[in-house]
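Visitor: Before I ask anything, here is the structure I am working with.
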Amino acid sequence: MTEELKTYLLKLMGTVEGLHAIAITDRDGVVIVKVTGQMAPDPALRPPFLSVFGVMAEQASKMGIGSNKRIINYYSTYQTVQVNHHPLLLHFIADKNANTGLILELENELADVLKEINKVVGMM
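Below is the structure:
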(Lines of atoms letter the chains of each structure in order from A and count residues from 1; the text may use other names and numbers.)
(Lines give C-alpha, C1' and ligand atoms only; values in the text may rest on other atoms or scores of the structure.)
Protein backbone atom coordinates (compact mmCIF):
# COMPACT_ATOMS: atom_id res chain seq x y z
CA MET A 1 0.00 0.00 0.00
CA THR A 2 2.85 2.38 0.76
CA GLU A 3 4.20 2.31 -2.79
CA GLU A 4 0.71 2.78 -4.22
CA LEU A 5 0.20 5.73 -1.90
CA LYS A 6 3.52 7.28 -2.90
CA THR A 7 2.65 6.84 -6.57
CA TYR A 8 -0.71 8.53 -5.98
CA LEU A 9 0.91 11.41 -4.07
CA LEU A 10 3.48 11.91 -6.83
CA LYS A 11 0.65 12.04 -9.37
CA LEU A 12 -1.14 14.67 -7.28
CA MET A 13 2.09 16.61 -6.82
CA GLY A 14 2.42 16.80 -10.60
CA THR A 15 -0.97 18.52 -10.91
CA VAL A 16 0.25 21.72 -9.25
CA GLU A 17 3.13 23.54 -10.90
CA GLY A 18 5.80 24.38 -8.36
CA LEU A 19 4.68 21.86 -5.73
CA HIS A 20 7.84 20.15 -4.46
CA ALA A 21 6.71 17.89 -1.62
CA ILE A 22 3.74 16.34 0.13
CA ALA A 23 4.11 14.83 3.59
CA ILE A 24 1.62 13.22 5.94
CA THR A 25 2.73 13.15 9.57
CA ASP A 26 1.38 12.53 13.01
CA ARG A 27 0.99 15.42 15.47
CA ASP A 28 4.61 15.02 16.62
CA GLY A 29 6.00 15.43 13.12
CA VAL A 30 6.75 11.73 12.63
CA VAL A 31 6.54 11.14 8.89
CA ILE A 32 4.01 8.51 7.86
CA VAL A 33 4.56 9.04 4.15
CA LYS A 34 6.21 11.71 2.03
CA VAL A 35 7.06 12.30 -1.59
CA THR A 36 9.50 14.91 -2.82
CA GLY A 37 10.74 16.39 -6.02
CA GLN A 38 14.32 17.47 -6.70
CA MET A 39 13.63 21.07 -5.68
CA ALA A 40 12.17 20.25 -2.24
CA PRO A 41 13.98 22.15 0.53
CA ASP A 42 15.41 19.55 2.91
CA PRO A 43 15.01 21.62 6.13
CA ALA A 44 11.25 21.90 5.54
CA LEU A 45 10.93 18.11 5.51
CA ARG A 46 12.72 17.39 8.77
CA PRO A 47 10.64 16.36 11.80
CA PRO A 48 11.47 19.49 13.86
CA PHE A 49 10.01 21.73 11.14
CA LEU A 50 7.04 19.44 10.49
CA SER A 51 6.18 19.17 14.20
CA VAL A 52 5.94 22.95 14.66
CA PHE A 53 2.62 23.11 12.79
CA GLY A 54 0.85 21.00 15.41
CA VAL A 55 1.97 23.42 18.11
CA MET A 56 1.04 26.48 16.02
CA ALA A 57 -2.43 25.08 15.28
CA GLU A 58 -3.06 24.35 18.96
CA GLN A 59 -1.95 27.85 19.99
CA ALA A 60 -4.03 29.52 17.27
CA SER A 61 -7.07 27.56 18.43
CA LYS A 62 -6.70 29.08 21.89
CA MET A 63 -7.53 32.56 20.55
CA GLY A 64 -11.22 31.93 21.12
CA ILE A 65 -12.35 32.04 17.49
CA GLY A 66 -12.54 28.30 16.83
CA SER A 67 -10.17 25.52 15.95
CA ASN A 68 -7.38 26.15 13.47
CA LYS A 69 -7.62 24.07 10.30
CA ARG A 70 -4.87 25.43 8.03
CA ILE A 71 -1.73 27.54 8.24
CA ILE A 72 -0.02 28.99 5.17
CA ASN A 73 3.50 30.37 5.48
CA TYR A 74 5.38 32.34 2.83
CA TYR A 75 9.17 32.47 2.85
CA SER A 76 11.60 34.19 0.47
CA THR A 77 11.57 31.31 -2.02
CA TYR A 78 9.01 28.80 -0.73
CA GLN A 79 5.57 28.50 0.77
CA THR A 80 4.23 25.84 3.09
CA VAL A 81 0.59 24.89 3.35
CA GLN A 82 -0.20 22.78 6.37
CA VAL A 83 -3.57 21.23 7.12
CA ASN A 84 -4.83 19.84 10.43
CA HIS A 85 -6.68 16.60 9.72
CA HIS A 86 -6.69 15.28 13.28
CA PRO A 87 -4.82 13.14 14.22
CA LEU A 88 -2.85 13.62 11.01
CA LEU A 89 -1.14 16.67 9.60
CA LEU A 90 -0.83 17.28 5.88
CA HIS A 91 2.13 19.33 4.63
CA PHE A 92 2.67 20.82 1.18
CA ILE A 93 5.94 22.57 0.27
CA ALA A 94 5.97 24.62 -2.92
CA ASP A 95 7.57 27.55 -4.72
CA LYS A 96 6.46 30.92 -3.39
CA ASN A 97 4.66 31.54 -6.70
CA ALA A 98 2.78 28.22 -6.80
CA ASN A 99 -1.01 28.51 -6.85
CA THR A 100 -2.02 28.23 -3.19
CA GLY A 101 -5.67 27.64 -4.10
CA LEU A 102 -4.76 24.58 -6.16
CA ILE A 103 -2.64 23.29 -3.30
CA LEU A 104 -5.57 23.71 -0.90
CA GLU A 105 -7.78 21.76 -3.32
CA LEU A 106 -5.48 18.77 -2.91
CA GLU A 107 -6.85 18.38 0.61
CA ASN A 108 -10.16 17.31 -0.96
CA GLU A 109 -8.35 14.91 -3.29
CA LEU A 110 -6.67 13.32 -0.28
CA ALA A 111 -9.77 12.98 1.92
CA ASP A 112 -10.26 9.25 1.29
CA VAL A 113 -6.56 8.51 1.70
CA LEU A 114 -6.48 10.38 5.01
CA LYS A 115 -9.49 8.41 6.26
CA GLU A 116 -7.71 5.14 5.52
CA ILE A 117 -4.51 6.28 7.22
CA ASN A 118 -6.57 7.49 10.21
CA LYS A 119 -7.96 3.96 10.59
CA VAL A 120 -4.47 2.49 10.69
CA VAL A 121 -3.16 5.16 13.07
CA GLY A 122 -6.21 4.66 15.30
CA MET A 123 -5.37 0.97 15.70
CA MET A 124 -1.88 1.72 17.02
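Quick note on UniProt numbering: the sequence shown kicks off at 1 and runs consecutively. Glycine included, each C-beta is placed from N, C-alpha and C at the ideal position.
Answer yes or no: do residue 29 and residue 50 have a C-beta to C-beta separation smaller than 8 Å?
Guide: yes
Visitor: Using a Cβ distance threshold of 8 Å, determine whether the region 57 to 72 contacts the region 30 to 44, with at least three qualifying pairs required.
Guide: Touching, no, given that fewer than three Cβ pairs across the two stretches are closer than 8 Å.
Visitor: Report the option in 10, 18, 5 whose CA atom is closest to the CA atom of residue 97.
Guide: 18
Visitor: Can you give the Cα-Cα distance for residue 23 and residue 68, rounded to whole angstroms?
Guide: In this structure, the CA atom of residue 23 is about 19 Å from the CA atom of residue 68.
Visitor: Report all residues from its chain with a CB closer than 6 Å to the CB of residue 106; omit the five preceding and five following residues, and keep chain order.
Guide: 12
Visitor: What residues match up with residue 85 in a beta bridge as DSSP calls it?
Guide: In the DSSP output, where bridge partners are listed per residue, residue 85 has 88.
Visitor: Are the CB atoms of residue 80 and residue 92 nearer to each other than 8 Å?
Guide: yes
Visitor: Determine the direct distance from the alpha carbon of residue 41 to that of residue 75, and round the result to whole angstroms.
Guide: 12 Å
Visitor: Under three-state DSSP, which class holds residue 33?
Guide: DSSP places residue 33 in the strand class (E or B) of the three-state scheme.
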